[in-house]
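Input: a single structure, listed below in structure tokens.
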Amino acid sequence: MLIGELSRRTGVSRRLLRYYEEQGLLRPRRDVNSYRGYDEDAVRAVQHIRTLLAAGLSTEVIRQALPCATGDPLELEMCPVLAETLRRELAALDDRIGSLRAARGALASYLPS
3 MLIGELSRRT
13 GVSRRLLRYY
23 EEQGLLRPRR
33 DVNSYRGYDE
43 DAVRAVQHIR
53 TLLAAGLSTE
63 VIRQALPCAT
73 GDPLELEMCP
83 VLAETLRREL
93 AALDDRIGSL
103 RAARGALASY
113 LPS
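In my numbering, the protein residues as written are 3 to 115.
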């Protein structure tokens, strides 16, 4: 399928699909006319990318996780490297949540009760 069809089927803009390609998340084939061609499994790959982005992962981490992604809904087959990466991401997210809670408390303290 061409990029327009993939865009229509996933609800993701062509521009964003090209970005995913630049980030190494999608690997279309190039047809004789240089058009991007996508296999049927690209639809699921884009859905997995969107799910992992919504979980707060960077495209760098997603690139690592995609080979382990299966199913609908998304499941990740854990290997030790991916498990460690996700633990680090979770710890970083916990740190950010703590910082946001502290900032919220500071801001709330300026308002009258």
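The beta carbon of each residue, even a glycine, is placed where N, CA and C say it ideally should be.
Distance check between Y37 and each of E7, E79 and D96 places E7 closest, using alpha-carbon atoms only.
Per DSSP, reduced to three states, the secondary structure at E79 is coil, with no helix or strand assignment.
Counting along the chain, S9 sits inside the alpha helix (DSSP H) bounded by residues I5 to T12.
Residue nearest to L68 within the set S15, Y40, T12 and G26 is G26 (criterion: CA-CA distance).
The Cβ atoms of E91 and L59 lie closer than 9 Å to each other. Linking V34 to R10 through their CA atoms gives a straight-line distance of about 23 Å. A Cβ-Cβ contact shorter than 9 Å links A47 with L28. By the neighbour-count definition (other C-beta atoms within 10 Å, threshold 16), T72 is an exposed residue. A110 and D97 have their C-alpha atoms spaced approximately 20 Å apart. Burial check for L54: the Cβ neighbour count within 10 Å reaches 16 or more, so the residue is buried.
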